[in-house]
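Notes to accompany the following structure.
Residue numbers (the working numbering): -4 to 482.
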């Protein structure tokens, strides 16, 4: 609005003043509306932030806000870190002497993976665990195998670096934390499968003979014959999950690829994919496919029962906050299949099954489960079938009661079996020399003609194997093979 100057004629001084007042009023009104919009936007952002924080708390990051009283206990079951192969197959290119510590030992990559997992646990539970190590707050248990004991030690280095008066060497920010070894002979709750069980052995034999298993392995018949020639194992042995032989072929090649060992020419991406699929089938056949619940009572249900007992004790006033189990892929497989939450993918190195117990504001105790199998994302929330994510402890116990056994020895008819004398198929595990020529002919025909259409569709690709030639040692540090959780 153009306003004449005072004394220049027109509206005069009074009119000019009135015009200025009107302009000021209009400007003030506009500013007021802007302030109101800003306040409304600020309020909306605060509400969104509050909702985000509440959601994060509800999913285990803090969970001390309105509606619950707080954490009571945590349970962590993780697989050891990267290791060397367990054993070689008869026709393998590399010998045990080529690995720095021999077969089945934790590598530097595995140490770094577990150290990173320890740092993550420290961050996730920073509001729950004390910043420094306190012996009464945590119990760490491990199987009696070197790689799981060392994994626990590396994990604890990341979880509890010494602080203040705990620093005993200024040049070494590390402190010893006790790891309690659980011998398999006296307490088989951590190392699976437990073969000292006639009923379980019987179930395994019936699993292999079942229609369900035969239908799943049928598409791989020709491939297994080819692998018999290349590996040196008998085909019937490779098909039997009780022998772990197809598992060992896949595992040996997988370990060699990670550490840049030369692979045989026949170990193509296609071959590695199928070996991984057969290994996944082998694992699921141990604890699933046929009579899952009965297998769970004799296997993974033992660990479920132990966890529930620890959580039940946490309801009473005590200082222990966390129990940690350092174990194996078969431990995670047995546990998850017992709970019917397994995703049918091999648990990656340093993958971690998480149990969290809370006391809600109304006094009800609940359990939440998460699975960390991808270092680039937060753990995936897992829901026990028949319950909610925050499952009331009483309902959780009721739902899993069919897999909990009171007298394992009686139900299992336990016997002492030397692990070196576990029941094997009648066929010799190594292919006899006279059969090699026929197998060679089969292998030459089929090794480049594997039919993709005969193989069940995969939910995710084995990206680590596809990129193994591109990755450097540093890129592998802390990396967990991505296997997105899918119920």
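The C-beta atom is built at its ideal place from N, Cα and C for all residues, glycine as well.
Collapsed DSSP secondary structure at residue 209 in the structure displayed
Correct three-state label for residue 209: helix.
Can you tell me whether residue 432 is buried or exposed? The criterion is at least 16 other CB atoms within 10 Å of its CB, across all chains shown.
Only weak support is given to the placement of residue 432: the predicted model assigns it a pLDDT of 48, under 50, and the question is left unresolved by the model.
Determine the burial state of residue 70: buried for a count of at least 16 other Cβ atoms within 10 Å of its Cβ, exposed for fewer.
By the neighbour-count definition (other C-beta atoms within 10 Å, threshold 16), residue 70 is a buried residue.
Have a look at 193, 118, 142 and flag the residue whose alpha-carbon is nearest the alpha-carbon of residue 289.
Ranking 193, 118, 142 by Cα distance to residue 289 puts 193 first.
What would DSSP say about residue 137, mapped onto helix, strand or coil?
In this structure, residue 137 counts as strand in the three-state DSSP scheme.
Around the Cβ of residue 93, are there at least 16 other Cβ atoms within 10 angstroms (buried) or fewer (exposed)?
For residue 93, the number of other beta carbons within 10 angstroms of its own is below 16, and it is reported as exposed.
On a CA-only basis, which of 106, 124, 295, 111 is nearest residue 143? Give me that one, please.
Ranking 106, 124, 295, 111 by Cα distance to residue 143 puts 106 first.
Would you mind reading off the limits of the alpha helix (DSSP H) that contains residue 349?
That residue, residue 349, is in no alpha helix (DSSP H); its beta strand (DSSP E) goes 347 to 355.
Taking residue 362 as part of the beta strand (DSSP E), name the residues at either end of that continuous run.
Per DSSP, the continuous beta strand (DSSP E) segment holding residue 362 begins and ends at 360 to 367.
So, with DSSP's three-state summary, where would you put residue 67?
The three-state reading of DSSP puts residue 67 in strand, counting E and B together.
Which partner residues of residue 317 appear in the DSSP bridge assignment?
Residue pairing by DSSP places residue 317 opposite 69, 133 in a beta bridge.
Helix, strand or coil: how does DSSP classify residue 176 here?
Under the three-state reduction of DSSP, residue 176 is assigned to strand.
Tell me whether the region 242 to 253 and the region 81 to 95 touch, counting them as touching only if at least three CB pairs, one residue from each stretch, are closer than 8 Å.
Cβ pair count under 8 Å is three or more, so yes.
Please look up how many angstroms separate the CB atoms of residue 349 and residue 374, rounded, as I've assumed it's under 8 Å.
Indeed, because the Cβ distance is near 6 Å, the residues count as touching under 8 Å.
What does the Cβ neighbour count give for residue 37, buried or exposed, with the cut at 16 atoms within 10 Å?
An exposed status is given to residue 37, since fewer than 16 other beta-carbon atoms sit within 10 Å of its beta-carbon.
Below 8 Å on the Cβ atoms is my contact criterion, and I expect residue 282 with residue 295 to pass it. Report the Cβ-Cβ distance as a whole number of Å.
Between the beta-carbon of residue 282 and that of residue 295 there is about 6 Å, and that keeps the pair under the 8 Å contact cut.
In terms of alpha-carbon separation, which member of 394, 301, 334, 338 lies closest to residue 320?
It is 301 whose Cα lies nearest to the Cα of residue 320.
Might you give, ordered along the chain, the residues of its own chain that have their beta carbon closer than 6 Å to the beta carbon of residue 240, omitting 5 neighbours on each side?
Exclusion of the five residues before and after residue 240 leaves 228, 232, 233 as the residues of its chain whose Cβ lies within less than 6 Å of its Cβ.
Under 8 Å between the Cβ atoms of residue 120 and residue 345?
Using a Cβ distance threshold of 8 Å, residue 120 and residue 345 do not count as a contacting pair.
Compute the Euclidean distance between the alpha carbons of residue 264 and residue 201, then round it to the nearest angstrom.
One C-alpha to the other measures close to 33 Å.
Integer-rounded CB distance, given that residue 134 should sit under 8 Å from residue 318
The distance from the Cβ of residue 318 to that of residue 134 is about 5 Å, consistent with a contact at the 8 Å cut-off.
Could you compute how far the alpha carbon of residue 389 sits from the alpha carbon of residue 331?
Distance between the alpha carbons of residue 389 and residue 331: 19 Å.
Which of the three DSSP states, helix, strand or coil, is assigned to residue 386?
Strand.
For residue 343, the three-state DSSP class (helix, strand or coil):
In the structure shown, the three-state DSSP call for residue 343 is coil.
Less than 8 Å separating the beta-carbons of residue 278 and residue 341?
In this structure, residue 341 lies closer than 8 Å to residue 278 by Cβ.
Is it the case that the region 150 to 170 contacts the region 109 to 117, given that we only count it when at least three CB pairs across the two stretches are under 8 Å?
In short, these stretches touch, since the Cβ pair count reaches three.
Please report how far the alpha carbon of residue 190 lies from the alpha carbon of residue 122, in whole angstroms.
C-alpha separation (whole angstroms): 41 Å.
For residue 333, which residues from the same chain have a beta carbon less than 6 Å from its beta carbon, with the 5 sequence-adjacent residues on both sides left out?
Excluding positions up to five away in sequence, the list reads 291, 295, 296, 299, 398.
Bridge partner(s) assigned by DSSP for residue 376
Per DSSP, 365.
Going by C-alpha to C-alpha distance, which of 90, 170, 99 sits closest to residue 129?
Distance check between residue 129 and each of 90, 170, 99 places 170 closest, using alpha-carbon atoms only.
Counting only runs of 3+ residues fully inside the region 201 to 254, write out the beta strand (DSSP E) ranges in chain order.
Taking 3 residues as the shortest admissible run, the region 201 to 254 contains no complete beta strand (DSSP E) segment at all.
Taking DSSP as the reference, what is the three-state secondary structure of residue 297?
Helix at residue 297.
By a C-beta neighbour count over all protein chains shown, 10 Å radius and 16 as the cutoff for buried, is residue 27 buried or exposed?
So residue 27 ends up on the exposed side.
Exposed unless 16 or more other CB atoms sit within 10 angstroms - verdict on residue 271
Flag for residue 271 reads buried.
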